[in-house]
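Per our numbering, residue 2 is the first one in the sequence shown, and the count goes up by one each step.
The beta-carbon is built from N, C-alpha and C at its ideal position, and this holds for glycine as well.
One structure is given here, and the rest of the page talks about it.
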Amino acid sequence: MPLLELSTMPPEALSRTTPLNAVAAGELLIHEIYLSVQGESTYAGLPCVFVRTSVCDLRCSWCDTPHAFNRGERLSRADVLAQVLAFDCPLVEVTGGEPLLQGEVYPLMAELADAGKTVLLETSGAHDIANVDPRVVIVMDLKCPDSGEEHRNHWPNLDRLKPTDEVKFVIASERDWRWAEAAIRDHRLDERFTVLVSAVFGKLAPVQLVEWLLAAKLPRVRVQVQLHKVIWEPTTRGV
Ligand code: SF4
C-alpha cells in the first residue's frame with residue numbers, strides 16, 4: 002500500500018515525510034519497540050508492547066516525541082512482527098510519529114490481530130482511518146487550537162470510528178477546553194465513543210481541567226493524566 006494522502010498534504014507537511022523516501026517496499030521506519038505500561042487510553046496501566054514508528058507530518062506545539070521525527074531503523078514487517086511477538090504480551094500499541102504514514106503499518110496491525118493480540122493504534126487524526134483493520138482499537142486525537150495543527154483534523158474520520166474506539170483531546174489552555182467542549186457537544190462524541198481529555202504536561206494543571214469538566218456536566222468524558230510522566234521522569238524516553 003502506498004503512503005497515504007501525500008498529494009493532499011500541505012507542502013510543509015509533505016516535506017516532513019522525506020525520511021520515508023528511503024524505505025523500501027515491505028519495510029517500516031521504526032523508532033523503537035519496547036515493553037512498558039499503556040499510558041493514555043482506557044487501557045492505561047496494562048503491560049503493553051509499543052511499536053513507535055518514525056516520522057510525523059504534524060508539529061504540535063507541545064509534542065513530546067520530536068525525537069521520532071527523523072531518526073529510525075529500517076526493518077522488514079516480518080522483523081517488526083517477530084520482535085513484538087517475542088515479548089509475549091497480549092496488548093500491543095502502534096504509535097509514533099504518525100503510524101498511518103507508512104503503508105506496511107496496515108498489514109502489520111492485521112497480522113498482530115491474527116496473532117491474537119489486542120491492538121491499539123494512536124493516530125493524530127489527520128489521516129483517513131478507512132483502511133485500518135476493524136479489529137484494531139483506534140485512539141484518535143482531535144487537535145485543539147493551541148496545538149497549532151487544528152486545521153489538519155480529518156473530520157470524516159468521526160463517521161468511521163467504531164463505538165469501541167477512543168477520541169482524545171490534549172488541552173493546553175481554556176481556549177482549547179472550550180473548543181473541545183464544543184466539538185464533544187456538536188458531534189455527540191461522548192454518546193458515540195469513549196472521550197478522553199488530558200492536560201498538556203507543564204502547561205495546564207490537571208486540577209483546572211477537572212474543574213472545567215465538572216462545570217460542563219459531561220459525565221461520560223474521562224480526564225486522564227499522562228501516566229508515564231507520573232511514573233518516570235517526564236523527559237525519560239523508551240518507557
Ligand atoms: S501528531 Fe503526535 S507525534 Fe506528531 S507532532 Fe503531534 S504530538 Fe508529535
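Does at least one heavy atom of the ligand SF4 sit under 6 Å from the Cβ of residue i?
| i | result |
| --- | --- |
| Arg60 | yes |
| Cys64 | yes |
| Ser55 | no |
| Ser174 | no |
| Ser42 | no |
| Ser125 | yes |
From what residue to what residue does the beta strand (DSSP E) around residue i run?
| i | result |
| --- | --- |
| Tyr44 | No beta strand (DSSP E) contains Tyr44, which DSSP labels as neither H nor E. |
| Arg72 | Counting along the chain, Arg72 falls outside any beta strand (DSSP E), and DSSP gives it neither H nor E. |
| Ile139 | Val138 to Asp142 |
| Ile172 | Glu167 to Ile172 |
| Leu210 | Where Leu210 is concerned, there is no enclosing beta strand (DSSP E), although the alpha helix (DSSP H) it sits in stretches over Pro207 to Ala217. |
| Ala200 | Thr195 to Ala200 |
| Glu28 | Glu28 to Val38 |
| Val224 | Val222 to Gln225 |
In the DSSP assignment, find the unbroken alpha helix (DSSP H) run with residue i in it and report its ends.
| i | result |
| --- | --- |
| Ser16 | Pro12 to Ser16 |
| Asp175 | Before going on, a small fix: residue 175 reads as Glu here, not Asp. Residues Glu175 to Asp187. |
| Leu228 | Leu228 to Ile232 |
Would you say residue i reaches chain B, if we count a Cβ-Cβ gap shorter than 7 Å as a contact?
| i | result |
| --- | --- |
| Asp129 | The structure shown contains no chain B; it is built from a single protein chain. |
Whole-angstrom Cβ separation of residue i and residue j, contact assumed at under 8 Å?
| i | j | result |
| --- | --- | --- |
| Gln225 | Phe202 | With a Cβ gap of about 12 Å, Gln225 and Phe202 do not count as contacting. |
| Glu167 | His128 | With a Cβ gap of about 17 Å, Glu167 and His128 do not count as contacting. |
| Val222 | Asp191 | 5 Å |
| Ser42 | Leu197 | 7 Å |
| Leu102 | Asp65 | Going by Cβ atoms, the distance from Leu102 to Asp65 rounds to 19 Å, so no, they are not a contact pair. |
| Met110 | Gly126 | With a Cβ gap of about 17 Å, Met110 and Gly126 do not count as contacting. |
| Leu29 | Leu76 | 6 Å |
Okay, do the stretch 70 to 79 and the stretch 160 to 178 touch, 3+ Cβ pairs below 8 Å being the bar?
no
Do three or more CB pairs link the stretch 83 to 98 to the stretch 46 to 55 at distances below 8 Å?
yes
Going residue by residue through the stretch 52 to 125, where are the continuous beta strand (DSSP E) segments of at least 3 residues, counting only ones entirely within it?
74 to 77, 92 to 96 and 119 to 124
Under 8 Å, with one C-beta from each stretch per pair, do the stretch 135 to 153 and the stretch 100 to 119 reach the 3-pair mark?
yes
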